[in-house]
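**Student:**
Number of protein chains: 2
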Amino acid sequence: MKPKVESFENLVEALEALPSIGKKSARRMAYHMVMEDHFAAMKIAHAIERAVERVGRCERCGAMSEDELCPVCADETRDQSLLCLVEHPADIQQIESSGEYTGTYFVVGSAQGLDEGRLIERVEEGVEEIIFAFPPSIASDGLILYIEEKLKGYDLVFTKIAQGVPTGVSLENVDMLSLSRALQERVKV
Amino acid sequence: MKPKVESFENLVEALEALPSIGKKSARRMAYHMVMEDHFAAMKIAHAIERAVERVGRCERCGAMSEDELCPVCADETRDQSLLCLVEHPADIQQIESSGEYTGTYFVVGSAQGLDEGRLIERVEEGVEEIIFAFPPSIASDGLILYIEEKLKGYDLVFTKIAQGVPTGVSLENVDMLSLSRALQERVKV
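In order, the protein sequences belong to chains A and B.
When we follow my numbering, the leftmost residue of the first sequence carries the number 1002, and every step to the right adds one.
When we follow my numbering, the leftmost residue of the second sequence carries the number 1002, and every step to the right adds one.
1) Measuring from the CB of B/V1056, is there a heavy atom of the ligand FAD at a distance below 7 Å?
2) Buried or exposed: which applies to B/T1160, given that a residue is buried once 16 or more other Cβ atoms fall within 10 Å of its Cβ?
3) What is the DSSP secondary structure of A/C1071, counted as helix, strand or coil?
4) Is B/A1015 closer than 8 Å to A/I1045 when the C-beta atoms are compared?
5) Is any beta-carbon of chain A found at less than 8 Å from that of B/N1223?
6) Within the segment 1104-1156 of chain A, note down every full beta strand (DSSP E) run reaching 3 residues or more, in order along the chain.
7) Determine the direct distance from the alpha carbon of B/K1005 to that of A/C1071, and round the result to whole angstroms.
8) Any beta-carbon of chain A closer than 8 Å to the one on B/L1019?
9) Could you check whether the segment 1073-1080 of chain A touches the segment 1045-1064 of chain A, counting it as contact only if at least three pairs of C-beta atoms, one from each stretch, sit closer than 8 Å?
10) Given a threshold of 16 other Cβ atoms within 10 Å of its Cβ, counted over all protein chains shown, does B/I1139 qualify as buried or as exposed?
11) Determine, using beta carbons only, whether B/K1024 comes closer than 8 Å to chain A.
12) Do B/L1157 and B/E1129 count as a contact pair if the criterion is CB distance below 8 Å?
13) Determine the closest residue to B/E1010 out of B/Y1032, B/S1021 and B/L1019, with distance taken between C-alpha atoms.
14) Which residues, taken in chain order from the segment 1174-1185 of chain A, show a beta carbon closer than 9 Å to some beta carbon of chain B?
15) Apart from the five residues on each side of it in sequence, which residues of its chain come closer than 8 Å, Cβ to Cβ, to B/M1002?
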């Protein structure tokens, strides 16, 4: 017979639903929270509730934001002629960390998730260069072609971040040097 | 400039306080909860609050428990003459999972944390054998000697769990101490 401590087992199960958290990690995390550090535990619980309540998406670019406009879109000193297209909101934070980029962003999602109307609206606000910052893959190349096609009526330069970003690796796992190099050496598509 | 989404960053920071959770894992977990699965997120928050509120320790053995007595202590069919001493409450669940043990437990903590009065109370309830289930180490050996000394006035058999080569691990991956112990304590086939 295994001693069942129901609320503990429920916590383990809830944590296991997170990506890349296995049974052992979930158990270790739950044990720490319940038996060793109630303060840390309650801090996490409240931080989750608060973040879920407050964090949404920037109306203009789709970035993660607590306000209608994210800090980048709200910052009028950013270069409005540069529009960097990313797959996920998390990629924006990664690129900002490189300190290399002074333009604006637009979260694409996928070909299916792309809000064309909103992208065109952004382009018409004076964009001169579209920078594709997708991790290199066949699917990304397809998405690039698809978007170029949609925007062919506009006078735009299309570039993509330079290879140097290893194939098949998501942006969050790329080191800062490679990422800033890839931005500096972006190439015409 | 890194776009600060304060409540998100606070959640990442709170998660990083957990053992064996690094910056990247914390960020991935937070992102999943906040941007991809609010339901899973709120389930975790509520599970934490509930577990922190309900889970305490068994009055008798120190195991994790929602009630005054844990399921093992509340079970009168368990062999009360066997008392297994463990370092952490989590060790009890591990031993119970093996399905091998029918006796009772006592959580020792460390020499500093040991509640001697409560241990002696338990021993006087009819314990005949003390089983030390500590991970093999010099510190554990010291703790065993210390406890034996404290209980020398009682008619007890002292044993400890066998040391050796774990199942399913090739010999080249077994540490030298375990291997030499396994050779010393070899058994007839």
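Heads up, the beta-carbon is just placed ideally off N, CA and C, and yes, glycines get one too.
**Tutor:** So, from the data block:
1) The model depicted lacks the ligand FAD and carries no ligand whatsoever.
2) Looking up residue 1160 of chain B in the second sequence gives position 159. Exposed, by the Cβ-count rule.
3) By one-based count along the first sequence, residue 1071 of chain A stands at place 70. It is coil, neither helix nor strand.
4) For this step, residue 1045 of chain A is matched to residue 44 along the first sequence. For this step, residue 1015 of chain B is matched to residue 14 along the second sequence. Yes, the Cβ-Cβ distance between A/I1045 and B/A1015 is below 8 Å.
5) Given a span of 1002 to 1190 for chain B in the structure shown, any question on residue 1223 of chain B remains unanswerable.
6) 1104-1108 and 1130-1133
7) For this step, residue 1071 of chain A is matched to residue 70 along the first sequence. For this step, residue 1005 of chain B is matched to residue 4 along the second sequence. Roughly 9 Å separates the two Cα atoms.
8) What you label residue 1019 of chain B is simply residue 18 of the second sequence in a count that begins at 1. Yes, B/L1019 lies at the interface with chain A (some Cβ there is under 8 Å from its Cβ).
9) yes
10) For the purposes of this step, residue 1139 of chain B is taken as the residue at position 138 of the second sequence. Result: exposed.
11) To locate residue 1024 of chain B, count along the second sequence from 1; it is residue 23. At a cut-off of 8 Å between beta carbons, B/K1024 makes no contact with chain A.
12) Locating residue 1129 of chain B in the second sequence gives position 128, counting from the first residue. Locating residue 1157 of chain B in the second sequence gives position 156, counting from the first residue. Yes. Within cutoff.
13) For the purposes of this step, residue 1010 of chain B is identified with residue 9 of the second sequence, where counting begins at 1. That would be B/Y1032, whose Cα lies nearest to the Cα of B/E1010.
14) N1174
15) For the purposes of this step, residue 1002 of chain B is taken as residue 1 along the second sequence, with counting starting at 1. Legend: pLDDT at B/M1002 = 45, less than 50; position of this residue unreliable, value from coordinates given subsequently. Excluding sequence positions up to five before and after B/M1002, its CB lies less than 8 Å from no other CB in the same chain.
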